[in-house]
Structure formats: structure tokens, C-alpha cells
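If you're matching them up, the sequences are chains P and W in order. Going left to right, the first sequence walks through residues 14 to 93 as the working numbering numbers them. Going left to right, the second sequence walks through residues 19 to 288 as the working numbering numbers them. Let me begin by presenting the structure, written as C-alpha cells, before commenting on it.
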Amino acid sequence: MKSAKAPVDSQTPNVAWTVMNNLIAGLLLYGGLGFLIGYLWGNASVGLAIGAVFGLVASTYLIFFRLRNLDGGPNTQREA
Amino acid sequence: MQGAVVPMAEIEPGCHLGNDFGCGFPAPDASIFEFEPYFGNFTKPVILLLLGSLIIIVVFLLAFRNSKLIPGKLQSIGEMGYLFIRDGISREVIGKDGDRFVPLLFSIFFFVWMGNLWGIIPGAQFPVNSRFAFPVGLAITVWILYMYLGMRHQGPIKFFTNMMFPPGMPKAIYVILAPIELISNVIVRPVTLSIRLFANMFAGHLLLTVFTVATFYLASLSLVGIVGSATSFLMTVIFTAFEALIQGLQAYIFTLLTAVYIAGSLHAEH
Numbered sequence: 014m015k016s017a018k019a020p021v022d023s024q025t026p027n028v029a030w031t032v033m034n035n036l037i038a039g040l041l042l043y044g045g046l047g048f049l050i051g052y053l054w055g056n057a058s059v060g061l062a063i064g065a066v067f068g069l070v071a072s073t074y075l076i077f078f079r080l081r082n083l084d085g086g087p088n089t090q091r092e093a
Numbered sequence: 019m020q021g022a023v024v025p026m027a028e029i030e031p032g033c034h035l036g037n038d039f040g041c042g043f044p045a046p047d048a049s050i051f052e053f054e055p056y057f058g059n060f061t062k063p064v065i066l067l068l069l070g071s072l073i074i075i076v077v078f079l080l081a082f083r084n085s086k087l088i089p090g091k092l093q094s095i096g097e098m099g100y101l102f103i104r105d106g107i108s109r110e111v112i113g114k115d116g117d118r119f120v121p122l123l124f125s126i127f128f129f130v131w132m133g134n135l136w137g138i139i140p141g142a143q144f145p146v147n148s149r150f151a152f153p154v155g156l157a158i159t160v161w162i163l164y165m166y167l168g169m170r171h172q173g174p175i176k177f178f179t180n181m182m183f184p185p186g187m188p189k190a191i192y193v194i195l196a197p198i199e200l201i202s203n204v205i206v207r208p209v210t211l212s213i214r215l216f217a218n219m220f221a222g223h224l225l226l227t228v229f230t231v232a233t234f235y236l237a238s239l240s241l242v243g244i245v246g247s248a249t250s251f252l253m254t255v256i257f258t259a260f261e262a263l264i265q266g267l268q269a270y271i272f273t274l275l276t277a278v279y280i281a282g283s284l285h286a287e288h
């Protein structure tokens, strides 16, 4: 971490610290959604499993997307 | 070790240590975090918290009471603390315009650190932040602050849309990812902030108690007793040093994350 001069610099730790929050949020949201759908469908545990995996995949994608934007990516100017 | 641990031979002759269930290793459980109030609602954590706040106030009042150009010992330490927060956290994370938040970050850092530090101060030996209500109170304060700042600096609706739609993503993906961002920033943030501090202090105190109780429990005039007790005591010392590190680190992380959240509210991601 260099001294904070560019806004990209100042956002770097932010993105790093949101990784865990994003994973938890994805897991909770889509796990919960999957559970609900599965419950209505008649098999809550299958819905929960599928939803949780989907949520983790989605939040991982989100994390990769934002980190890629941080440096070297096509959107470097617009800091993530 | 509150109530649960009953001393020695009261239970049965020849018994070393035990609890309500009889003779045996009185494994520390959640009850060591519960205290009877001394008077009113003043329990040990509350007293320690108030005492800690008082110590912080007095120390920094003395440090900055008559500031000199060439600082004395206490003033140097005070200035080191201040510069650490200003340059190490505030300017690093928020930037120049974060200077107006330095008093807040400074207070949070030393408040949390002092609360944690009680865990290894002889006589007190209870980290205040291992009671969940205290980290929760701090996290709620931080939550209100960054929500307010975000709505003021980015506009009440813009704040949420900036948060939910990081630029440059394929449109279709937004449907899936925007709710994650919203929940992550509004709900999960304060929860993880408080749990991180609470769980670290809780686990640390439990660990120290296990080894301290084991030191007493194993002590006897036999090979197992001497070796086991000495090892437990050594572990207590090692983990006390380790806790000292963790306590400072958790206070730093809590302050750093507060600064990160404030920065996120001040400058939108666009």
C-alpha cells in the first residue's frame, strides 16, 4: 500500500475486505432463496444445496470481476 | 472462573478441582463470561469498560495538556498514537478528506484496544469485547455513520444504486449480483464487523482460561502432575503474549474497516 494519492489506491483495501462479506451475502441470499423454492417444491434440502452453491459461484464471480477491474483489466480507469 | 469452579476437597476427599458435576476437570464454558452485578446493573465488564474509558481520557489529557514543540515522553507516545491513526489508517484508506474522521477513528481504536487489553491485565483478566453487546454497539454506530455519510454524499437513492451496480458488468448479470452487493454492504457488513471482534476475544479468553484451569487441575506431586502443570503454565504465558498481539490487531482491523466503510460512502465506485 503506497500513500493515498489516487482513488484507485484508496479503494484497494476496500475491495479486499469485501471478499468475505460478499461470500457470506451470496451464500445467505441464494441459499435462502433455494431453500424457499425447494420448500415450496417439496424438497427443501435439495433447494438449499443448489441455492448455496449457486450463491457462492455468483459471489465468487462478483469478487473476480471487481478485483480484475482494480489493475490491468479493461476498466482500470474506473476503479472498482 | 466464576461460580462453576468449586475448589478442591469440598466435593470429595482427595479431589483436586471440580465443578457442580463432581470431581474432574472443570472445563471452562460460556458461564465464565457471565457475572453477577456488583450493584445495579454494574457487572465486571461494565466497570472495566468505564475504567478503561477513564484511563484513555486521563492518559491523553495528560499527554496533550500542555503540548510543547519538543514533546516529552508521554506527549511523544500520544503523538505516535495519533499519527498512527491519521497517517496509517485515515490518510491511507480515506485520503486527505478523511482528516475530519481522525478523532472518531482514534477514539474507536483506543476504546476497542483498551477493552481488549483488560483480557491480559492481571487482576481484571476479562476482555470487555468478549461480551457481544459491546462490539454490536460499536458496529451499529459505524453502520449508522456510513449509511448516513453515503446518503449525504451520494444522494439517498444514488448511494444504494452505486453500491448495487458496480460499473462495467454485463447487464444480465446485474439481476443476480446486485442483491448480493446490497445484502453484503447493508446487512452482512455490521454483522461480520461485530462478530470478528467478539469471536476473537471470546475464543482468546476461553483459551487462556482452559490453560490456567489446567495448571491448577494437573498440579500434584507426580511426574504427570509436574510436567502437565508446568506445560499448561507455559502455554498460558505463551497464549497471553499471543493474545496481546491479537488484541492490538483486532482493534486495528476494527478501525481500519470503519475507515474503509467511511471511504466507500464518501467516494462512490464509478
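From the three backbone atoms N, C-alpha and C, an ideal C-beta is built for every residue, glycine too. Please read these numbers as outputs of a predicted model, since none were measured by experiment.
query: By DSSP, does Phe-43 (chain W) sit in helix, in strand, or in coil?
result: coil
Pairwise C-alpha distance: Leu-41 (chain P) and Leu-67 (chain W): 34 Å
task: State the Cα-Cα distance for the pair Ala-17 (chain P) and Tyr-164 (chain W), rounded to the nearest angstrom.
output: Unreliable placement is indicated for Ala-17 (chain P), whose pLDDT of 40 sits below 50; the coordinate value is still reported in the next sentence. Using only the alpha carbons, I get a separation of about 20 Å.
query: Beta carbon of Trp-161 (chain W), beta carbon of Pro-208 (chain W): below 7 Å?
result: yes
- prompt: Below 7 Å between beta carbons: does that hold for Gly-64 (chain P) and Gly-39 (chain P)?
  reply: no
- request: May I ask you to list, following chain order, the residues of the stretch 162 to 187 of chain W that have a beta carbon less than 7 Å from some beta carbon of chain P?
  value: Pro-184, Pro-185, Gly-186, Met-187
task: Please look up how many angstroms separate the CB atoms of Asn-147 (chain W) and Val-130 (chain W), rounded, as I've assumed it's under 8 Å.
output: 7 Å
query: Hey, how far is the Cα of Thr-233 (chain W) from the Cα of Cys-41 (chain W)?
result: 16 Å
field: In DSSP terms, what Leu-57 (chain W) is bridged to
entry: Correcting the residue identity first, residue 57 (chain W) is Phe in this sequence and not Leu. In the DSSP output, where bridge partners are listed per residue, Phe-57 (chain W) has W:Phe-60.
query: With respect to 6 Å, is the separation between the Cβ of Leu-53 (chain P) and the closest non-hydrogen atom of the ligand GDP below this value?
result: Of ligands this structure carries none, so the ligand GDP is not represented either.
task: Taking all protein chains shown into account, decide if Thr-254 (chain W) is buried (16 or more other Cβ within 10 angstroms of its Cβ) or exposed.
output: buried
task: Could you check the C-alpha separation between Leu-61 (chain P) and Phe-48 (chain P) for me, to the nearest Å?
output: 4 Å
message: Taking 7 Å as the threshold (beta carbon to beta carbon), is Ala-57 (chain P) in contact with chain W?
response: no
field: Helix, strand or coil at Met-144 (chain P) according to DSSP, with G and I counted as helix
entry: Residue coverage of chain P in this structure runs from 14 to 93, which leaves residue 144 (chain P) outside it and unanswerable.
Residue closest to Leu-275 (chain W), alpha-carbon to alpha-carbon, out of W:Thr-249, W:Thr-210, W:Leu-224, W:Ile-244: W:Thr-210
task: Can you give me, in chain order, the residues of the stretch 35 to 68 of chain P that have a beta carbon less than 7 Å from any beta carbon in chain W?
output: Asn-35, Ile-37, Ala-38, Gly-39, Leu-41, Leu-42
query: For Arg-207 (chain W) and chain P, any beta-carbon pair shorter than 7 Å?
result: yes
query: Which residues, in chain order, does the stretch 190 to 203 of chain W contribute to contact with chain P at a C-beta distance below 9 Å?
result: Ile-191, Ile-194, Leu-195, Pro-197, Ile-198, Glu-199, Leu-200, Ile-201, Ser-202, Asn-203
query: Measuring CA to CA, which of W:Phe-144, W:Ile-73, W:Gly-99, W:Tyr-100 is closest to Ile-50 (chain W)?
result: W:Phe-144
message: Quick check: what's the CA-CA separation for Asp-22 (chain P) versus Gly-141 (chain W)?
response: With a pLDDT of 45 at Asp-22 (chain P), under the threshold of 50, the predicted position of this residue should be treated as unreliable, though the coordinate-derived value follows. Computed Cα separation, rounded: 44 Å.
- prompt: The alpha helix (DSSP H) spanning Met-187 (chain W) covers which residue range?
  reply: It is not in any alpha helix (DSSP H) - Met-187 (chain W) carries neither H nor E in the DSSP assignment.
Straight-line Cα distance separating Ser-212 (chain W) from Lys-86 (chain W): 39 Å
query: Does DSSP put His-289 (chain W) in a helix, in a strand, or in coil?
result: Residue numbering for chain W in the displayed model covers 19 to 288; residue 289 (chain W) lies beyond these limits and cannot be assessed.
message: My output table needs one value for Phe-150 (chain W): the three-state DSSP class, helix, strand or coil.
response: coil
task: Helix, strand or coil for Phe-183 (chain W), going by three-state DSSP, please let me know.
output: coil
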